[in-house]
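The opening residue of the sequence shown carries number 236 in the numbering used here; numbering runs sequentially from there.
Glycine residues also receive a C-beta, built at the ideal position from the N, C-alpha and C atoms.
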Amino acid sequence: MRSDLSDLAILEHVQRLGEEHPPIPLGSVDFTVRDPLGVSRRYGRVLDFLARVELEVERNVLELLVLLPDVSEADRMFYADVWADQEIRHGVILDKLQADIGRPPAEPDNKVATAVKIIGMLAHLPAVGDIVRMLYYLTGAATERQAVLAYNSFEKGLLEMGEQAIARTVVGQIKRQEPGHFAFYHMSASLMIQQSELKPWQLFLIRVLRRLSFEPVGIYGDRRREAEFGGVAIALGFDEDLSRIARDIGRVEERLLWAQDNGMDMPPYILRSFEEALAAFREGRSFAT
Ligand SMILES: [Fe+2]
Ligand SMILES: [Fe+2]
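The structure is reproduced here in structure tokens:
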């Protein structure tokens, strides 16, 4: 664990992110696609999925307002001043690329689920609020790590196809903004553990809830989206080494939640959720092309 971790270090990280990574200027993006049909065939479903998830940031912000009634200054600054604007711009850019290659526009679902509202009411109890905050950081870290891996693979594939313009100025630029998001959640979760803010029963509950509710990004308990995610994972080549991908995505919570369980190589629920998504796709639950 980083020994220099503190509230101030996290605040400085957020300030730096805001300064160094303004939302990607639309003028800096070159939407030239050499082979729109080829890109659509290989990466259409990836583009559809990523555009939707990036645009659903609006919903994530609404959820945050419900889930974190007492936000710290670093939390507030991160999601309100830095993260949301960056992510929405990612969505806008991907959505335009999607339209340019002849695919239908993204349909983000920005409704806050009832379950979230109920948890939000409970989060006003300080003991529950801390559990929710930790789950928020862990979910954020896993989500942003998935984004980093997805954009890495997407950029590589586009370069292989000779699509230099969109590889560099669309995916490449988005890709550079995701690690800073991951670092924020990673630092925030690590600091909560380092400062022993959670009692053993709270940590126990966090482990249980993580195991019961982990799902890949952008699914929200919807079986059709689970299958879509499976298709995205295959298009990005994640299926070639799924356990390595799952281990990478679970590394933060493996260390923070499960380190005392000797022999736990990675939280098994992560790999399981990915395997289920792949199976859902292969069973043909998704007919999107
Ligand atoms: Fe993003
Ligand atoms: Fe992100």
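Taking a contact to require three or more Cβ pairs closer than 8 angstroms, the stretch 416-428 and the stretch 268-288 do not qualify as touching.
At least one heavy atom of ligand 1 falls within 6 angstroms of the beta-carbon of His-325. The alpha-carbon of Asp-310 is positioned some 17 angstroms away from that of Thr-378. Placement of the Cβ of His-256 at a distance of 6 angstroms or more from every heavy atom of ligand 2 is found. In the DSSP assignment, Thr-404 falls outside any alpha helix (DSSP H), carrying neither H nor E. For Glu-291, the Cβ stays outside the 6 angstroms cut-off from all heavy atoms of ligand 2.
Under the three-state reduction of DSSP, Phe-266 is assigned to coil, being neither helix nor strand. The DSSP-derived three-state label of Gly-453 is coil. Placement of the Cβ of Glu-322 at a distance of less than 6 angstroms from at least one heavy atom of ligand 1 is found. Between the C-alpha atoms of Val-487 and Gln-429 there is a straight-line separation of about 13 angstroms.
Comparing C-alpha distances from Phe-266 to each of Gly-519, Gly-364, Gln-408, Leu-302 shows the shortest one belongs to Gln-408. Between Met-501 and Ala-424 the beta-carbon gap is near 17 angstroms, outside 8 angstroms, which marks them as no contact.
By the neighbour-count criterion, in which 16 or more other beta carbons inside 10 Å mark a residue as buried, Arg-276 falls on the exposed side. Here the distance from the Cβ of His-248 to the nearest heavy atom of ligand 2 is not below 6 angstroms.
Excluding its 5 nearest sequence neighbours in each direction, Asp-457 has no C-beta neighbour in its own chain below 6 angstroms. The stretch 426-445 makes no contact with the stretch 296-307: fewer than 3 CB pairs, one atom from each, lie closer than 8 angstroms. Taking a 10 Å sphere around the C-beta of Asp-239, we find fewer than 16 other C-beta atoms and assign the residue as exposed.
Following the DSSP letters along the chain, one finds Glu-475 in no alpha helix (DSSP H), marked with neither H nor E.
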